[in-house]
Amino acid sequence: MPHADDSCALAPTAPASPDRRDFMRGAVGVGFAAAVLPTLAQTAIHTPPDGLVAGELRVNAGADTIPAYRARPAAGAGWPVVLVVSEIFGVHEHIADLCRRLARAGYYAIAPELFVRQGDAKAEQAIPDLIRNVVAKKSDAETLADLDATVATAAADGGDTGRLAITGFCWGGRVVWMYAAHSKRLKAGVAWYGKLVAGFNPALQPRNPVDVAARLNAPVLGLYGGKDDSIPLDGIERMKAELAKGTPASRGSSFVVYPQAGHAFNADYRPSYVADAAQDGWKRMLDWFKANGV
1 MPHADDSCAL APTAPASPDR RDFMRGAVGV GFAAAVLPTL AQTAIHTPPD
51 GLVAGELRVN AGADTIPAYR ARPAAGAGWP VVLVVSEIFG VHEHIADLCR
101 RLARAGYYAI APELFVRQGD AKAEQAIPDL IRNVVAKKSD AETLADLDAT
151 VATAAADGGD TGRLAITGFC WGGRVVWMYA AHSKRLKAGV AWYGKLVAGF
201 NPALQPRNPV DVAARLNAPV LGLYGGKDDS IPLDGIERMK AELAKGTPAS
251 RGSSFVVYPQ AGHAFNADYR PSYVADAAQD GWKRMLDWFK ANGV
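Going by full-length UniProt numbering, the letters in the sequence shown line up with residues 1 to 294, in that order.
This is the structure in structure tokens:
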């Protein structure tokens with residue numbers, strides 16, 4: 001059973017070209033990253049698109065156009081919006097499926113391909129190479145700006161961004177905390193096993209969740225694994241202490257730690273998957289959104 005209460009940089013990015021760049025390296029939401037193959041087909045969840053509008057659209061992000069995967073109910077209008085921030089592997093089939101699951105729960109879910117300027121996250125053969133060649137080159141400043149642009153796209157596409165939430169996994173879990181300190185429009189966040197006290201590149205990610213914990217604009221629910229060697233429990237305790245010093249949203253944040261789960265316990269296509277923890281976390285996420293007006 002889980003026990004409750006429990007990785008806003010200002011670094012510059014490379015200048016864009018004078019013309020709007022269109023980064024379409026491949027279809028988003030299709031296939032899996034080479035670095036995690038082979039996947040576990042017997043546990044991977046496949047949510048059909050029946051009754052949904054689901055697929056790729058483009059986000060105008062500054063001088064660039066980046067791809068995103070979006071899913072929403074086919075009927076109705078004005079759906080609350082959930083930003084879905086991927087793992088280091090980019091917007092692959094699992095992330096698209098998570099968007100469809102959220103759409104089936106009544107949300108407009110959108111996952112931007114945030115690494116597309118840096119390279120093809122799905123093509124790298126090994127995780128260390130993926131981190132070095134792609135992930136470590138992405139600045140927090142650019143990430144936050146891209147998410148703001150994604151919110152604007154969702155609003156133009158019929159989403160109700162007055163009811164805005166964010167969720168993310170691994171790399172994206174860290175981003176959830178950072179975005180909660182950045183966006184004044186956000187109502188709620190849910191971070192799945194995101195780093196708390198360290199990033200991937202100090203030059204481009206000079207601050208981390210523990211540094212911004214006291215100034216959150218929206219409460220965040222952190223879902224973590226008790227056996228996650230990459231995120232020690234003492235880091236969670238440090239984060240709790242910082243949250244307790246902060247804004248009402250910071251003090252309203254919470255943790256759930258699943259003692260028998262490790263990292264990536266929601267990744268149903270990988271050996272790390274822990275079904276009980278993943279299912280409980282998903283329910284808690286939806287309850288958290290509703291409790292905070294999303």
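Where is the CB? At the ideal position from N, CA and C, for every residue including glycine. As the structure is a computational prediction, the values presented were derived from the model and not from experiment.
Taking Lys195 as reference, the option from Asp129, Trp171 and Asp276 with the minimal CA-CA separation is Trp171. The stretch 61-142 is shown to contain whole alpha helix (DSSP H) runs of 4 or more residues at 93-104 and 127-133, in chain order.
Counting only runs of 4 or more residues that sit fully inside the stretch 156-227, the alpha helix (DSSP H) segments are 171-182 and 209-212, in chain order. For Arg215 and Ile88, the gap between their C-alpha atoms comes out near 26 angstroms. Put simply, the stretch 43-63 touches the stretch 149-166. At least three CB pairs are less than 8 angstroms apart. Per DSSP, reduced to three states, the secondary structure at Ala152 is helical. Per DSSP, Ser254 is one residue of the beta strand (DSSP E) stretching across Ser254 to Tyr258. The three-state secondary structure of Val36, taken from DSSP, is helix. Distance from the CA atom of Gly31 to the CA atom of Ile95, rounded to whole angstroms, is 10 angstroms. In this model, Pro202 and Pro271 are separated by some 30 angstroms (Cα to Cα).
The straight-line gap separating the alpha-carbon atoms of Tyr108 and Tyr258 is approximately 28 angstroms. Rounded to whole angstroms, Ala121 and Leu223 show a C-alpha spacing of 24 angstroms. Judged by beta-carbon spacing, Trp288 lies within the 8 angstroms limit of Ala188, meaning their Cβ atoms are closer than that value. In this chain, the alpha helix (DSSP H) harbouring Ala291 covers Ala275 to Ala291. DSSP places Ala249 inside the alpha helix (DSSP H), whose first and last residues are Pro248 to Arg251.
Under the 10 Å beta carbon count, Pro80 is surrounded by 16 or more other beta carbons and is classified as buried. Ala54 sits in a strand when the DSSP states are folded into three classes. Ala275 and Asp148 have their C-alpha atoms roughly 32 angstroms apart. Closest by C-alpha distance to Asp228, out of Gly106, Asn133, Ala261 and Ser253, is Ala261. Rounded to the nearest whole angstrom, the C-alpha separation of Thr43 and Met285 is 21 angstroms. For Ile236, the enclosing alpha helix (DSSP H) starts and ends at Leu233 to Leu243.
Cα atoms of Val135 and Gly106: separation of roughly 31 angstroms, rounded to the nearest angstrom.
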